Amino acid sequence: MSLTSQPKTQVETDTDAILEAKRTALLATAAAIVALNNLHEATWGLPDQRLLDVLNDTGPTDVVAAFEEYYQACVGLQGILTRAGISTPVALIAPGRQLQVGDDGLFAFVPDPVIADVIPEQPVNPSSP
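Numbering (the numbering used here), first residue to last: 145 to 273.
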């Protein structure tokens, strides 16, 4: 008794080709997210002054455009994987530090908020002894 399989129909062959192309596209999408995450790390991993030097050398208009392009790429690619039911990798979207452009047109880091070193008053409970 021979266990030979029947040759695939043209529909089966075409379906297999489409599914393989989809798998390749999803792998490429995941690889693109990894590459964007590497860009995120290369940018935000710079020490503070070196990052400011690069951003200020590039200029606010180009930096804002690049950040917007990066954001749109991350959201779009992540959406493709999410709709395909793939949860990893996850695109790193949040900036590593908060920035602002000063009146001089140069980037600076947004200062951390100052938290008062004051102990709040405790409410007085009139029924306590």
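Cβ atoms here follow ideal geometry from the backbone N, Cα and C, with glycine treated the same way.
Keep in mind it's a predicted model, so treat the numbers as computed, not measured.
- Here leucine 180 has Tyr214, Ala217, Cys218, Leu221, Ala235 and Leu236 as same chain residues with Cβ atoms under 8 Å from its own Cβ, once five neighbours each way along the sequence are excluded.
- Taking C-beta separations shorter than 8 Å and ignoring five residues to either side along the sequence, the partners of aspartate 160 in its chain run Lys152, following chain order.
- Assigned with DSSP and collapsed to three states, glutamine 244 falls in strand.
- Below 8 Å, too few C-beta pairs join the region 184-191 and the region 155-171 to call them touching: fewer than three.
- Along the region 202-237, the alpha helix (DSSP H) occurs as fully enclosed runs of 4 or more residues at 204-227, listed in sequence order.
- Under a 10 Å Cβ-count criterion, isoleucine 162 is classified as exposed, with fewer than 16 other Cβ atoms of the shown protein chains found around its own Cβ.
- DSSP places valine 155 in the uninterrupted alpha helix (DSSP H) bounded by 154-188.
- For glutamine 242, the closest C-alpha among the options Ser231, Asp256 and Ala172 is that of Asp256.
- Per the Cβ contact rule, the region 189-209 is not in contact with the region 226-235 (fewer than 3 Cβ pairs under 8 Å).
- By the 16-neighbour rule on beta-carbons within 10 angstroms, leucine 171 is exposed.
- Listed in chain order, the non-local C-beta contacts of isoleucine 224 below 7 Å within the same chain comprise Thr173, local neighbours out to five positions each way being set aside.
- Taking a 10 Å sphere around the C-beta of isoleucine 177, we find 16 or more other C-beta atoms and assign the residue as buried.
- Leucine 250 sits exposed, since fewer than 16 C-beta atoms from the chains shown fall within 10 Å of its C-beta.
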